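Beneath this line is the structure, given in structure tokens, with notes to follow.
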Amino acid sequence: MDPRSEVLLRQAERFGGTLLLAGLPADDLLGQLSAAHGWSWQAGEHSALAARFADRCQFGVLPGERPFAAAVLFLPKSAELSRCLLDVLAARLAGGELYLVGEKRGGIEGAARRLQAFGRPRKLDSARHCQLWQVTVEQAPPAPVLEERAQRYRLELADGPLEVVTLPGVFSHGRLDRGSALLLEHLDGLPPGDLLDFGCGAGVLGAVLKRRYPQSRVNLLDVDAFALASSRLTLAANGLEAELIGGDGIQAAPGGLATIVSNPPFHQGVHTDYQASEALLREAARHLRPGGELRLVANSFLKYPPLIERHLGPCQVLAEAHGFRVYRAVRTG
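Per the UniProt record's numbering, the very first residue in the sequence shown carries number 1; after that it's consecutive.
Right, dumping it as structure tokens:
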């Protein structure tokens, strides 16, 4: 059981009514709280929950229309996303109870101060290196429009400007990260056929691929519903169309790809986690056609070349700058 769930269950008598668990972990909390339902924006956790509680959980950037008398927000990593989600929930809870739970090292005490906008917050519990806070929503905010919380920026590229739209919580919100910037300089000469932007974030790489290779079918895959929504907005802002896939890792990708392009993720919540990136390197060959190519950027200190060569083929360094390297490998078998 996740420690945050354990803290909630220490106060289980508070959670007997219709309850929304927002951003809940994939554990047995829904089994313990029979009147609760879940909302997740993380595809892996949603998939695990849906396998057990199919009619009691949903995936997306909004909680849906099912009513709830109280809600618990599991504190996300992004402070800006937590503010947005608290507003989303409080807007539906006039006179109701809003709870916030999270790890101390994740910034729960600072996030709890945001509850003051809705009423008088109080700390209910502190255990398992976590805290649980509660507020009765006396001042419900207007329901936020997610697109109005987006940040937009413009990239001046060789083939013209690109408008990028990022929602709160999405990687490199409001700016282009150095790794993606380096990879953008090395997207020429890809083999013809279907393309995949793995861990698409705000859709920068996917949008550039679709514009540069308009005859190719371009797929954008991410575990995060807010990233997929951002990618959709970025594509629309540039008059582009592509396939969006919500999935927990490379296994959700289609097969027969000509190229996989990626600035792969390595964070899960407040924790560093290389599992998705390493799974990509191990499994890329299963999704690439013979002669298909993997092209990715990663921190220079990561020992990716041996993994790439073990599972795919010879690994070439195309570029190195600012602590990043761009790697290229072709499926030989």
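Beta carbons: idealized from backbone N, C-alpha and C, even for Gly.
A quick note: this is a predicted structure, and the numbers were derived from the prediction, not measured.
**Study point:** N- and C-terminal bounds of the alpha helix (DSSP H) containing Gln32
**Key:** Residue numbering aside, residue 32 sits at position 32 when the sequence shown is read from its first letter. For Gln32, the uninterrupted alpha helix (DSSP H) segment begins and ends at 29–32.
Practice item. May I have the straight-line CA-CA distance separating Ala67 from Lys77, to the nearest angstrom? Key: On the sequence shown, residue 67 is found 67 positions in, with the first residue counted as 1. On the sequence shown, residue 77 is found 77 positions in, with the first residue counted as 1. Note on identity: in this sequence residue 67 is Pro, with Ala being the wrong assignment. A direct Cα-Cα distance of roughly 26 Å separates Pro67 from Lys77.
Check your understanding: Secondary structure at Pro192, three-state DSSP: helix, strand or coil?
Key -> Within the sequence shown, numbered from 1, the residue matching residue 192 stands at position 192. Three-state result, Pro192: coil.
Review point. In terms of DSSP beta bridges, what is His37 paired with?
Key: Position 37 of the sequence shown, counted from the start, is the residue given in the question as residue 37. Note: His37 sits in a beta bridge opposite Leu20.
Practice item. For Ala252, I'd like the list of residues in its chain whose CB is within less than 8 Å of its CB, leaving aside the five on either flank, ordered along the chain. Key: Locating residue 252 in the sequence shown gives position 252, counting from the first residue. Around Ala252: Ala43, Leu221, Ile245, Gly246.
Check your understanding: Does DSSP put Ala329 in a helix, a strand or coil?
Key -> In the sequence shown, counting from the first residue as 1, residue 329 sits at position 329. Residue state, collapsed to three classes: strand.
Point to revise | Sheet register partners of Arg105 (DSSP bridge) | key: Taking the sequence shown and counting its residues from 1, the one referred to as residue 105 is at position 105. Answer is none; Arg105 lacks a bridge partner.
Review point. To the nearest angstrom, how far is it from the Cα of Phe301 to the Cα of Pro264?
Key: On the sequence shown, residue 301 is found 301 positions in, with the first residue counted as 1. On the sequence shown, residue 264 is found 264 positions in, with the first residue counted as 1. Rounded to the nearest whole angstrom, the C-alpha separation of Phe301 and Pro264 is 14 Å.
Review point. Based on the DSSP output, what are the partners of Pro161 in its beta bridges?
Key: Within the sequence shown, numbered from 1, the residue matching residue 161 stands at position 161. According to the DSSP secondary-structure assignment, Pro161 is paired through a beta bridge with Glu156.
Review point. Does the segment 132–140 come within contact of the segment 26–33, defined as at least 3 CB pairs closer than 8 Å?
Key: Contact annotation: the segment 132–140 does not touch the segment 26–33, with fewer than three C-beta pairs closer than 8 Å.
**Study point:** Cβ neighbours of Gln316 in the same chain (closer than 6 Å, five flanking residues each side left out)
**Key:** Translated into the one-based positions of the sequence shown, residue 316 becomes position 316. Only Arg328 meet the Cβ criterion.
Exercise for review: Would you give the residue range spanned by the alpha helix (DSSP H) that Glu80 belongs to?
Suggested key: If you number the sequence shown from 1, residue 80 lands on position 80. 79–90 is the extent of the alpha helix (DSSP H) around Glu80.
Practice item. Report yes if the CB atom of Gly256 is closer than 8 Å to the CB atom of Arg289, and no otherwise. Key: Residue numbering aside, residue 256 sits at position 256 when the sequence shown is read from its first letter. Residue numbering aside, residue 289 sits at position 289 when the sequence shown is read from its first letter. Contact flag set, yes.
Check your understanding: Buried or exposed: where does Val145 fall if 16 or more other Cβ atoms within 10 Å of its Cβ makes it buried?
Key -> If you number the sequence shown from 1, residue 145 lands on position 145. Under the 10 Å beta carbon count, Val145 is surrounded by fewer than 16 other beta carbons and is classified as exposed.
Review point. Do you know offhand how far Gly95's Cα is from Leu115's?
Key: Looking up residue 95 in the sequence shown gives position 95. Looking up residue 115 in the sequence shown gives position 115. About 14 Å.
**Study point:** Minimum C-alpha distance to Leu9 - residue among Leu20, Leu33, Leu19, Ala22
**Key:** Taking the sequence shown and counting its residues from 1, one reaches residue 9 at position 9. Considering only alpha carbons, the answer is Leu33.
**Study point:** C-alpha gap between Phe15 and Glu147, whole angstroms
**Key:** Start at 1 with the first residue of the sequence shown, and residue 15 comes out as number 15. Start at 1 with the first residue of the sequence shown, and residue 147 comes out as number 147. When rounded, the distance between both Cα atoms is 32 Å.
Exercise for review: Tell me whether the beta-carbon of Pro191 lies closer than 8 Å to the beta-carbon of Glu283.
Suggested key: As a working mapping, residue 191 is identified with position 191 in the sequence shown. As a working mapping, residue 283 is identified with position 283 in the sequence shown. It is not a contact, given that the beta carbons lie outside the stated cut-off.
Review point. Just how far apart, CA to CA, sit Arg128 and Glu97?
Key: For the purposes of this step, residue 128 is taken as the residue at position 128 of the sequence shown. For the purposes of this step, residue 97 is taken as the residue at position 97 of the sequence shown. Between Arg128 and Glu97, the C-alpha separation is close to 23 Å.
**Study point:** First and last residue of the uninterrupted beta strand (DSSP E) at Gln58
**Key:** The sequence position of residue 58 within the sequence shown is 58, counting from 1. Segment 57–59, the beta strand (DSSP E) holding Gln58.
Exercise for review: Look at the Cβ atom of Leu19, then the Cβ atom of Val72, and state whether they are nearer than 8 Å.
Suggested key: As a first step, residue 19 must be located in the sequence shown, where it is residue number 19. As a first step, residue 72 must be located in the sequence shown, where it is residue number 72. The Cβ-Cβ distance between Leu19 and Val72 falls below 8 Å.
Check your understanding: Among residues of its own chain, excluding the 5 on either side of Ser230, which ones have a beta-carbon nearer than 8 Å to its beta-carbon?
Key -> As a position in the sequence shown, residue 230 is number 230, starting the count at 1. Ala150, Val165, Thr166, Leu167, Val170, Gly201, Ala202, Gly203, listed in sequence order.
Practice item. Measure from the alpha carbon of Ser172 to the alpha carbon of each residue in Asp159, Gly199, Leu75, Ala237, then state which is nearest. Key: Position 172 of the sequence shown, counted from the start, is the residue given in the question as residue 172. Of Asp159, Gly199, Leu75, Ala237, the smallest CA-CA separation from Ser172 is found for Gly199.
Practice item. Mind checking who Gly246 pairs with in its DSSP beta bridge? Key: Here residue 246 is taken as the residue at index 246 of the sequence shown, counted from 1. The bridge partners DSSP lists for Gly246 are Asp222.
Exercise for review: Assign Gly189 to buried or exposed, taking buried as 16 or more other Cβ atoms, counted over all protein chains shown, within 10 Å of its Cβ.
Suggested key: Locating residue 189 in the sequence shown gives position 189, where the first residue counts as 1. Here Gly189 is exposed, its C-beta having fewer than 16 other C-beta atoms within 10 Å.
Exercise for review: With DSSP as the reference, label Ala70 as helix, strand or coil.
Suggested key: Taking the sequence shown and counting its residues from 1, one reaches residue 70 at position 70. Strand.
Review point. Going straight from the alpha carbon of Arg175 to that of Pro63, what length do you get?
Key: As a working note, residue 175 is residue 175 in the sequence shown. As a working note, residue 63 is residue 63 in the sequence shown. Arg175 and Pro63: Cα-Cα distance of roughly 27 Å.
Point to revise | Inter-residue Cα distance where the pair is Pro314 and Arg331 | key: By 1-based counting over the sequence shown, the position of residue 314 is 314. By 1-based counting over the sequence shown, the position of residue 331 is 331. Each residue's Cα considered, the two are about 9 Å apart.
Review point. By the 10 Å Cβ neighbour count, where 16 or more other Cβ atoms means buried, how is Leu157 classified, buried or exposed?
Key: Numbered from 1 along the sequence shown, position 157 holds the residue referred to as residue 157. Burial call: exposed.
Practice item. Give the DSSP-derived three-state secondary structure of Arg4 in the structure shown. Key: Residue 4 sits at position 4 when you count from the first residue of the sequence shown. Under the three-state reduction of DSSP, Arg4 is assigned to helix.
Point to revise | Nonlocal neighbours in the same chain, by C-beta distance under 6 Å from Leu205, ignoring five residues either side | key: The count along the sequence shown starts at 1 and reaches residue 205 at position 205. Annotation for Leu205: Asp197, Val261 place their beta carbon closer than 6 Å to its own, counting only its chain and skipping 5 residues before and after.
**Study point:** N- and C-terminal bounds of the alpha helix (DSSP H) containing Pro305
**Key:** Here residue 305 refers to the residue found at position 305 when the sequence shown is read from its first residue. Judged by DSSP secondary structure, Pro305 falls within the alpha helix (DSSP H) whose first and last residues are 304–311.
Practice item. Out of Leu312, Leu307, Ile308, Val297, point me to the one whose CA is closest to Leu318's CA. Key: Counted from its first residue, the sequence shown places residue 318 at position 318. Sorting Leu312, Leu307, Ile308, Val297 by C-alpha distance to the C-alpha of Leu318 places Val297 at the top.
Review point. Are Ala225 and Ala143 closer than 8 Å when you measure CB to CB?
Key: Start at 1 with the first residue of the sequence shown, and residue 225 comes out as number 225. Start at 1 with the first residue of the sequence shown, and residue 143 comes out as number 143. No, these two residues do not count as a Cβ contact at 8 Å.
**Study point:** Check whether Glu163 and Gln131 have beta carbons under 8 Å apart
**Key:** In the sequence shown, residue 163 corresponds to position 163, counting from 1. In the sequence shown, residue 131 corresponds to position 131, counting from 1. No, these two residues do not count as a Cβ contact at 8 Å.
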